[in-house]
Structure formats: C-alpha cells, structure tokens
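There are 2 protein chains.
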Amino acid sequence: MTSGHIFIATSLDGYIAREDGSIDWLEVPGAELEDHGFAEMMASVDGLIMGRGTYEKVLEFGVWPYEKPVIVLTRSLKAADIPEHIKDKVSFRASDPAELMTDLAREGWIRAYVDGGRVIQSFLSVGLIKDMVLTRVPVLLGGGRPLFGALQGDIRLNHVETQSFPSGLVSSRYQIIEPD
Amino acid sequence: MTSGHIFIATSLDGYIAREDGSIDWLEVPGAELEDHGFAEMMASVDGLIMGRGTYEKVLEFGVWPYEKPVIVLTRSLKAADIPEHIKDKVSFRASDPAELMTDLAREGWIRAYVDGGRVIQSFLSVGLIKDMVLTRVPVLLGGGRPLFGALQGDIRLNHVETQSFPSGLVSSRYQIIEPD
Chain A
0 MTSGHIFIAT
10 SLDGYIARED
20 GSIDWLEVPG
30 AELEDHGFAE
40 MMASVDGLIM
50 GRGTYEKVLE
60 FGVWPYEKPV
70 IVLTRSLKAA
80 DIPEHIKDKV
90 SFRASDPAEL
100 MTDLAREGWI
110 RAYVDGGRVI
120 QSFLSVGLIK
130 DMVLTRVPVL
140 LGGGRPLFGA
150 LQGDIRLNHV
160 ETQSFPSGLV
170 SSRYQIIEPD
Chain B
0 MTSGHIFIAT
10 SLDGYIARED
20 GSIDWLEVPG
30 AELEDHGFAE
40 MMASVDGLIM
50 GRGTYEKVLE
60 FGVWPYEKPV
70 IVLTRSLKAA
80 DIPEHIKDKV
90 SFRASDPAEL
100 MTDLAREGWI
110 RAYVDGGRVI
120 QSFLSVGLIK
130 DMVLTRVPVL
140 LGGGRPLFGA
150 LQGDIRLNHV
160 ETQSFPSGLV
170 SSRYQIIEPD
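Protein chains in written order, with numbering that gives the first Met the number 0: chain A, 0 to 179; chain B, 0 to 179.
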C-alpha cells in the first residue's frame with residue numbers, strides 16, 4: 000500500500016487556517032529565507048492527495064504550484080471541471096482512503112503527500128499515515144480550522160528530530176507507531 | 000504587576016488531559032530520567048496560581064507536592080475546606096486575574112507559575128502571561144481538555160529555544176509579544 004506523509008504548519012494552538020480559511024498568519028518575517036524541508040519532502044513523494052477544499056484554495060493562487068500528480072478526493076467535482084492548464088496534473092477520485100492507497104500502490108506510487116485538514120484527519124484515523132512533519136508557527140489564533148480531530152483511540156508517535164529556525168518556526172518530525 | 004509563567008505539557012493535538020481528567024498518557028518511558036526544567040522554573044517563581052479543578056486533582060495525589068505558596072482561584076471553596084496539613088501553604092481567593100496580579104505584586108511576588116487549563120486561558124486572554132514553556136508529548140489523543148481556548152485577537156510570540164529529549168518530549172520556550 001502507498002504510505003501517507005504529512006508536512007504541514009499549524010499555529011501554536013493547532014489551527015491550519017482561520018475560520019474563514021485565511022492563512023495570513025503563516026507569513027512570518029524571515030521564514031521565506033529558511034529551508035524548512037518542503038522541497039526535499041516534495042522530491043521524496045510520487046504525488047499529492049488533497050480534499051476539495053484544499054484544491055480550491057490552491058486554484059485561487061492563480062499559478063498551479065505542483066509539478067507532481069495531484070489527486071483530489073471529491074464526490075461532487077467532475078473531470079470536466081478541471082481547468083485546461085492543469086488537466087495533465089490533476090485527477091479527481093471518489094475512493095475511500097484505504098481503497099485509494101491500494102489503487103495507488105498498483106499504479107506505482109510508493110509515497111504520497113497527504114494535505115488538507117479533513118483529508119489528513121481521515122487518513123490518520125485509519126492508519127494510513129507513516130510520518131509527519133509538523134511546523135509550529137509562533138502565534139495563538141484562538142480559533143479556526145484544527146489540524147487534528149477525533150480518533151478511535153490514542154495514536155503514539157516516535158519523535159525523530161526537531162529543528163528550530165531564526166524566524167521562530169519549530170519543525171518536528173514524527174513517525175506513527177503501529178498499534179500493537 | 001506580578002508576571003505569569005506557564006510550564007505545561009500537552010499531547011500533539013493540544014490536550015492537557017482526557018475528557019475525564021486523566022493524564023495517564025503523560026507517562027512516557029524514559030521521561031522520568033530527564034530534566035525538562037521544572038525544578039529550575041519552580042525555583043524562579045514566588046508561588047503558584049491554579050484553579051479549583053487543578054487544586055482538587057493535586058489533592059488526590061495524597062502528598063502535597065509544592066513547597067511554595069499556592070493560590071487557588073475559587074468562589075465556591077472556603078478557607079475552612081483547606082486540609083490541616085497544607086493550611087500554611089494554600090490560600091483561596093476569588094479575585095479576577097488582573098486584580099490578583101496587582102495584589103500579589105504588593106505582597107512581594109515578582110513571578111507566578113500559572114497552572115491549569117481554564118486559569119491559563121483566562122490569564123492569557125487578558126495579557127497576564129509573560130512566557131510559556133510548552134512540552135509536547137508524542138501522542139495524539141483525539142479529544143480531551145484543550146490547553147488553549149478562544150482569544151480576543153491573535154497573540155504573537157517570540158520563540159526563545161527548543162529542546163528535544165530521548166523520550167520524545169519536545170520542549171519550547173516562548174515569550175509573549177505585547178500587542179502594539
């Protein structure tokens with residue numbers, strides 16, 4: 000099965016976006032000069048998996064930022080909705096997470112970057128995430144869209160390494176420990 | 000005014016206790032052999048401030064763990080309720096946070112260790128916290144009592160230092176930046 004990998008930034012209180020979806024607070028002075036490992040992570044995966052919300056947010060950027068194939072999990076969007084300039088990079092699927100990871104393995108994917116709050120939560124809760132890099136931005140928002148959600152039980156992790164940056168960002172890598 | 004200082008551990012998803020108050024998940028193999036800075040922090044404060052919930056939890060330990068004076072913020076408990084063996088260490092007050100910090104400064108307190116979820120939230124939201132040490136335990140609980148709560152606006156912080164430990168605990172120190 001293809002393994003899932005998370006690479007995401009949250010506020011100190013665990014939000015990935017404000018209630019209205021805005022991520023203005025992610026812009027920390029100096030952070031743009033630092034290497035937080037995003038390019039290295041991106042080089043290590045065969046493609047991305049995201050939900051409709053994240054996909055539509057990325058579309059708003061205007062310029063499509065990903066070279067690698069992107070799979071959008073959606074039951075409502077249709078292939079005909081994909082803008083012409085990214086038709087060869089984006090595909091829509093309606094599979095459930097485990098089904099998708101089995102299909103992707105058959106298609107030759109070894110590692111997938113799993114992105115977006117709800118998609119991350121659903122992959123985590125069914126054991127499809129192998130490791131995560133969590134970057135903490137030094138701000139408390141007091142509310143917003145949380146990274147983590149409800150689980151069937153505890154998920155224990157191995158801390159691999161932590162790096163802090165002059166901007167104040169602190170980045171920790173964890174491996175998920177398989178339940179006994 | 001006396002300054003407030005936080006020193007607390009949370010799960011990776013930001014909880015300080017399970018829904019039922021239990022903190023069994025805090026016991027990480029090897030962590031008991033590490034110096035996470037608690038003694039040093041304790042030596043630097045004039046006393047502790049906590050809510051009724053935390054006070055009652057600590058009482059359950061059987062042995063009272065604090066040498067320094069402890070102030071419990073409560074409107075329901077009465078001085079007569081304080082057990083005999085800690086009568087000289089514990090006092091109850093019903094003041095609001097800012098009032099309390101003004102009174103304590105007059106009484107000679109320079110730094111107070113502020114503990115317990117709701118008390119931390121109320122002190123943070125009115126700007127009475129100077130710095131915090133946040134220790135992340137490598138586990139996702141999926142639910143429980145969150146450390147942070149709603150705020151009037153963003154609180155920005157300066158990252159001072161981060162240390163990680165063989166047990167997997169990661170401890171970061173932040174100073175609260177005064178709003179402009």
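C-beta: ideal position from N, C-alpha, C; glycine also.
Quantities reported herein were computed from a predicted structural model and do not represent experimental measurements.
Interface flag, residue i vs chain A, CB-CB below 7 Å
i	result
residue 161 of chain B	yes
residue 126 of chain B	no
residue 167 of chain B	yes
Residues bridged to residue i (per DSSP)
i	result
residue 16 of chain A	A:144
residue 111 of chain A	A:3, A:46
residue 8 of chain A	A:134
residue 158 of chain A	A:173
residue 128 of chain B	B:3
residue 72 of chain A	A:50, A:92
residue 139 of chain B	A:154
residue 21 of chain A	Per DSSP, none; premise fails for residue 21 of chain A.
residue 163 of chain B	B:169
Distance CB(residue i)-CB(residue j) smaller than 7 Å
i	j	result
residue 111 of chain A	residue 48 of chain A	yes
residue 216 of chain B	residue 144 of chain B	Coverage of chain B is limited to positions 0 through 179, which leaves residue 216 of chain B absent and any answer about it impossible.
residue 6 of chain B	residue 132 of chain B	yes
residue 178 of chain A	residue 127 of chain A	no
residue 46 of chain A	residue 166 of chain A	no
residue 103 of chain A	residue 1 of chain A	yes
residue 147 of chain B	residue 19 of chain A	no
residue 89 of chain A	residue 3 of chain A	no
residue 79 of chain A	residue 91 of chain A	no
residue 217 of chain A	residue 81 of chain A	Any property of residue 217 of chain A remains undetermined from this structure, which presents chain A solely from 0 to 179.
residue 140 of chain A	residue 14 of chain A	yes
residue 93 of chain B	residue 142 of chain A	no
residue 161 of chain B	residue 161 of chain A	yes
residue 57 of chain B	residue 136 of chain B	no
residue 39 of chain A	residue 164 of chain A	no
Short CB-CB distance (under 7 Å) between residue i and chain B
i	result
residue 32 of chain A	no
residue 158 of chain A	yes
residue 2 of chain A	no
residue 171 of chain A	yes
Supposed contact pair residue j and residue i - C-beta distance, whole angstroms, cut 8 Å
i	j	result
residue 10 of chain B	residue 138 of chain B	5 Å
residue 153 of chain A	residue 24 of chain B	7 Å
residue 74 of chain A	residue 130 of chain A	Incorrect: roughly 28 Å between the Cβ atoms, too far for contact.
residue 50 of chain A	residue 115 of chain A	4 Å
The ligand GTP heavy atom lying under 6 Å from the CB of residue i
i	result
residue 165 of chain A	Questions concerning the ligand GTP fall outside what the structure shown contains, since it holds no ligand whatsoever.
- Query: In the stretch 138 to 154 of chain A, which residues sit with their C-beta less than 9 Å from some C-beta in chain B, listed in chain order?
  - Reply: 138, 139, 140, 141, 142, 145, 146, 147, 148, 149, 150, 151, 152, 153, 154
- Query: Using a Cβ cut-off of 8 Å, which residues of the stretch 11 to 30 of chain A contact any Cβ in chain B, in chain order?
  - Reply: 11, 12, 13, 24
- Task: Pull out every residue of the stretch 52 to 63 of chain B whose Cβ sits closer than 7 Å to any Cβ of chain A, in chain order.
- Result: Residues are counted here when their Cβ sits less than 7 Å from a Cβ of chain A; for the stretch 52 to 63 of chain B the count is zero.
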